[in-house]
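Asker: Attaching a single structure in structure tokens format; questions to follow.
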Ligand SMILES: [Zn+2]
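Numbering (this note's numbering), first residue to last: 685 to 795.
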């Protein structure tokens, strides 16, 4: 493990201070893009859509999480009314990757 981070939404009143975003910002400060492409990010539960997108845009090679969103809600309930954004990180990463690969192909054809 080279870095670890935690959620700072409440402690720093940072609305996007999820642990994954904080970790990616720290990693981007310390390491270059090529190194990030070799990294794996481990999270206790499935990242939200914002964090999944950040993982993609940072170029991080692999995501490993413990609890899926569905399992998290089964185990801990769905007490927070803000937990209504149901898009899974798997959906985000697969759709973004598909869209980006189409853009790359389109750009290559235009050259
Ligand atoms: Zn998040």
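Yeah, the Cβ is synthetic: ideal placement off N, Cα and C, and Gly gets one too.
Just to confirm my understanding: we take residue 701, look at its own chain, exclude 5 residues before and 5 after, and list those with CB closer than 6 Å. What are they?
Answerer: On the chain shown, position 17 is the one that residue 701 refers to. Only 692 and 693 meet the Cβ criterion.
Asker: Excluding the 5 residues flanking residue 698 on each side, which residues of the same chain have their C-beta closer than 6 Å to its C-beta?
Answerer: The residue labelled residue 698 in the question sits at position 14 within the chain shown. So the list reads 692, once near-sequence residues are dropped.
Asker: Please give me, in chain order, every unbroken run of the beta strand (DSSP E) with length at least 3 that falls completely inside the region 687-737.
Answerer: Runs of the beta strand (DSSP E) inside the region 687-737: 724-729.
Asker: Out of 757, 749, 760 and 763, which one is the CA nearest neighbour of residue 774?
Answerer: Here residue 774 refers to the residue found at position 90 of the chain shown. Among 757, 749, 760 and 763, the Cα nearest to that of residue 774 belongs to 749.
Asker: Quick check: the region 754-761 against the region 701-721, are at least 3 beta-carbon pairs closer than 8 Å?
Answerer: Touching, no.
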